[in-house]
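*Asks:* Position one of the sequence shown corresponds to residue 19 (my numbering), numbered consecutively onward. Below you'll find the structure I mean.
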Amino acid sequence: MIEMHDIWKTYSDGTHALRGVSVQIDSDEFVYLVGPSGAGKSTFMKLIYREEVPTKGQISVSGFNIGKLKSRKIPYVRRNIGVIFQDFRLLPQLSVFDNVAFAMEVIEAPRRAIRKRTLEVLELVGLHHKQASLPSQLSGGEQQRVSIARAIVNNPTVIVADEPTGNLDPDTSMGIMHLLEEINYRGATIVMATHNKEIVNNMRKRVIAIENGVIVRDEARGEYGYEI
Ligand code: ADP
Ligand code: ADP
């Protein structure tokens, strides 16, 4: 579960990215975050994966008060959160297998568990047969699947995706969405920022709209509602 209570985020240059955001997202939810560019969507997500800390207010993720976390506890909380980016952010010199395994190596998982689990998630995203390839040898959709495998390999309770289909064509995007739905179905909370009107309108899930750092709309089976 994710809870924000009166969250304010002001960057060092004085920009107010979020202004009094309160929200509760339950553990089985799939939430779309929409709103114009600069609205505060990325900031909202960075607070969840503890890339940024709030200027004011409380935020808790899976029971951790992450605004006030001691730095030695940050890795422990981060492993509970998988992050997916628009530009994939794979390590170009590592194979598909190693890109995914790396996420388990940093938390010092046992070698055999790493191998077993990495192959298991590569199977789940349909890339078992590409495990020895380099990212540059894959299509955009395949690269995004690798980044999804990396995000889920440590069994996180929360997945945060910042425009995961932003660089993909419509068919490939739908494939990625079905994969994310499957992951949600298996128990992970998903928060996804998107500008993709078709996806939001077709999937009919909870939609939280942010504008100017404020939640302006929060609907259980919402629509996109913005012109891009
Ligand atoms: P969105 O993801 O909806 O485009 P962001 O959260 O990236 O919005 O940005 C919200 C506001 O905060 C924007 O005005 C943006 O320019 C500003 N902003 C984002 N990151 C920083 C930063 N590191 N320093 C200063 N301002 C920032
Ligand atoms: P087990 O530990 O018994 O294998 P898991 O909880 O790992 O059971 O789930 C079984 C399948 O679900 C695995 O193939 C795994 O890839 C997938 N899975 C588990 N947790 C997640 C998650 N948080 N996100 C995505 N997929 C997951």
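Every residue, glycine too, gets a C-beta built ideally from N, C-alpha and C.
Could you pull out every unbroken alpha helix (DSSP H) segment of at least 4 residues lying fully inside the stretch 60–148, listed in chain order?
*Replies:* Runs of the alpha helix (DSSP H) inside the stretch 60–148: 92–96, 114–123, 129–142.
*Asks:* If you compare alpha carbons, which of S30, G53, N214 is closest to D236?
*Replies:* Comparing Cα-Cα distances from D236 to each of S30, G53, N214, the minimum goes to G53.
*Asks:* Among I177, G240, V178, G184, which residue has its Cα nearest to the Cα of Q161?
*Replies:* Measuring from the Cα of Q161, the nearest candidate turns out to be G184.
*Asks:* Can you check whether the CB of V114 is closer than 8 Å to the CB of S154?
*Replies:* Not a contact, by the Cβ cut-off of 8 Å.
*Asks:* Would you check if the distance between the CB atom of L51 and the CB atom of V209 is smaller than 8 Å?
*Replies:* Yes, the pair counts as a contact, with Cβ atoms nearer than the cut-off.
*Asks:* Where N220 and R107 are concerned, what is the direct C-alpha to C-alpha distance, given to the nearest angstrom?
*Replies:* Approximately 28 Å between the Cα atoms of the pair.
*Asks:* What three-state label does DSSP hand H34 in the structure shown?
*Replies:* If DSSP states are grouped into helix, strand and coil, H34 belongs with the strands.
*Asks:* Could you tell me the distance, in whole angstroms, from the CA atom of Y94 to the CA atom of V79?
*Replies:* Between Y94 and V79, the C-alpha separation is close to 12 Å.
*Asks:* Could you check whether the Cβ of S280 sits closer than 7 Å to any heavy atom belonging to ligand 1?
*Replies:* There is simply no residue 280 to check, as the chain begins at 19 and stops at 246 in what is shown.
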